[in-house]
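These notes are about the structure you will find just below.
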Amino acid sequence: MSSAVRVLCLSLLFLLAAAPVATAAEAWTVAPSGGGRPSFYAEGAPGTVQQDTVSVTNRGGEPVTVRLQGTGVPIAFAEGAVRIPARTRAEVPFTVTVPPGTAPGDRSGEIVARDADGRARTVPLRLRVTGPELSALTVEHVRVHADGITYELVNRGTTALAPSLAIRADGVFGRLLDRAPRPLSVDLPPGSRTKLTEPWPDRPALDAVDVRLTVTAAGGASDTARASARFVPWDAVAGAGGFVGAAGALFVVRHRGRRKPDGGESAESEQPYRKAELTGAGT
29 MSSAVRVLCL SLLFLLAAAP VATAAEAWTV APSGGGRPSF YAEGAPGTVQ
79 QDTVSVTNRG GEPVTVRLQG TGVPIAFAEG AVRIPARTRA EVPFTVTVPP
129 GTAPGDRSGE IVARDADGRA RTVPLRLRVT GPELSALTVE HVRVHADGIT
179 YELVNRGTTA LAPSLAIRAD GVFGRLLDRA PRPLSVDLPP GSRTKLTEPW
229 PDRPALDAVD VRLTVTAAGG ASDTARASAR FVPWDAVAGA GGFVGAAGAL
279 FVVRHRGRRK PDGGESAESE QPYRKAELTG AGT
């Protein structure tokens, strides 16, 4: 056994005489060294290494071998397997490494001890990563489809975000959508990307539409993205006048769609025009 692991002979005979004999399942325990702590806590900046010690106590009358491992955060033990004689306690040092580039915030893990019979004991461990907090996000790949609006949210900061979404859509004949900001049912960890869909069941049958999505979150995170689409009811137009009617309707929608309600250029001028598909929506 490595000298890094201290095995202490305890005078537990008095305790064992005063208490019932421990069963095999109760013979050994694991806890933070020093007593009085229900769990482990470590705090540090990215790239640092924190140290602590775990105690494994064998109250039984037979030796026990316990294997140690960490979960949730990077944990390394002085000894991965420890043999504890009867009525003895082993003190096992370990380190918690905060990987470089880790975003600030709390991480949770456990120290797990398991004996040869598969019986396990766990002790919670909480790691707080320190550093500057930055809230930032972007809205990307906005697309208008026949059944709704798809988009992606990307957390560009170092803190978890709970975003809210506001949507506005303007057509040739006025405002079509004006949805006030509302919380989205997603949590964005730092560096994560999520694709979402916003339903639009009552979209127009014939119009050139400019859609604007604005997403905000705590800490001043905010971004706005736009997309344009043309809706043409091809079946109805073809039935009314064939190819000439369809071409005329498309010309009107495209021509009127070049103007936004606020007088500026439409999003159509920012993206190449694509012919509207038979679903009735084009982007």
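The working numbering puts the first residue of the sequence shown at 29, with every later residue one more than the last.
Every residue gets a Cβ at the ideal spot worked out from N, C-alpha and C, and that includes glycine.
Alpha carbon to alpha carbon, how far is residue j from residue i? Give it in angstroms, no decimals.
i, j, result
"A70", "Q97", "17 Å"
"L216", "R147", "37 Å"
"T186", "R135", "13 Å"
"V358", "G72", "This structure does not reach residue 358, given that the chain is present from 29 up to 311, and the question cannot be answered."
"N183", "E119", "42 Å"
"G75", "V124", "11 Å"
"D235", "P261", "10 Å"
"V200", "E168", "25 Å"
"G100", "E138", "7 Å"
"S256", "W228", "14 Å"
"T239", "V172", "The sequence given here has Val at residue 239, not Thr. The alpha-carbon atoms of V239 and V172 are separated by roughly 8 Å."
"R207", "G247", "22 Å"
"P60", "R154", "13 Å"
"S67", "Q78", "15 Å"
"W56", "R156", "30 Å"
"Y174", "G129", "It should be pointed out that residue 174 corresponds to Ala in this sequence rather than to Tyr. If I take the Cα positions, the gap works out to 41 Å."
"V92", "R65", "24 Å"
"N86", "R111", "10 Å"
"T178", "I195", "12 Å"
"V281", "G202", "Low confidence applies to V281: its pLDDT is 49, below 50, so where it sits in the model is not reliable, and the reading given next is rough at best. Between V281 and G202, the C-alpha separation is close to 13 Å."
"A109", "V84", "11 Å"
"F259", "E226", "17 Å"
"P102", "G176", "43 Å"
"T158", "R142", "32 Å"
Determine the extent of the beta strand (DSSP E) in which residue i is found, giving its start and end residues.
i, result
"W228", "From DSSP, W228 is part of no beta strand (DSSP E); its letter is neither H nor E."
"F201", "Per DSSP, F201 belongs to no beta strand (DSSP E) and is neither H nor E."
"L96", "92-99"
"T116", "116-125"
"E168", "165-173"
"V110", "109-112"
"S213", "Counting along the chain, S213 falls outside any beta strand (DSSP E), and DSSP gives it neither H nor E."
"S67", "Unbroken run through S67: none, as it is neither H nor E."
"L181", "176-183"
"T57", "56-60"
"S83", "77-86"
"A104", "103-105"
Which one of the options has the shortest CA to CA distance from residue i?
i, options, result
"L241", "E161, D230, V170, A144", "V170"
"A190", "R254, D251, F105, A245", "A245"
"E90", "A174, A114, A106, V84", "A114"
"A104", "R65, T81, A59, V58", "T81"
"D251", "R258, S163, R207", "S163"
"G62", "R111, Q78, V214, P121", "P121"
"L165", "A249, D143, F259", "A249"
"P152", "V58, V94, G176", "V58"
"A144", "V94, E226, G88, V214", "V94"
"R117", "P102, A106, F259, G88", "G88"
Sorted by chain position, which residues of the same chain lie with C-beta nearer than 8 Å to residue i's C-beta, five sequence neighbours on each side aside?
i, result
"P160", "P132, T186"
"L204", "A197, D198, R231, P232, D235, V237"
"E180", "V167, E168, H169, R221, T222, K223, L224"
"V140", "L96, Q97, G98, T99, A148, R149, T150"
"P218", "A131, G133, N183, G185, T186, T187, A188"
Between residue i and the rest of its own chain, which residues show a CB-CB distance below 6 Å, the 5 nearest in sequence each way excluded?
i, result
"L193", "L212, V243"
"P209", "S192, A194"
"V214", "T222"
"D290", "Any reading at D290 needs caution, since the residue's pLDDT is 48, under 50, leaving its predicted position unreliable; the model's value is listed next. None."
Run through the DSSP bridge pairs and tell me what residue i is partnered with.
i, result
"D134", "R156"
"L205", "A197"
"R149", "A141"
"L162", "In the DSSP output, where bridge partners are listed per residue, L162 has none listed."
"T242", "A194, T252"
"T222", "L181"
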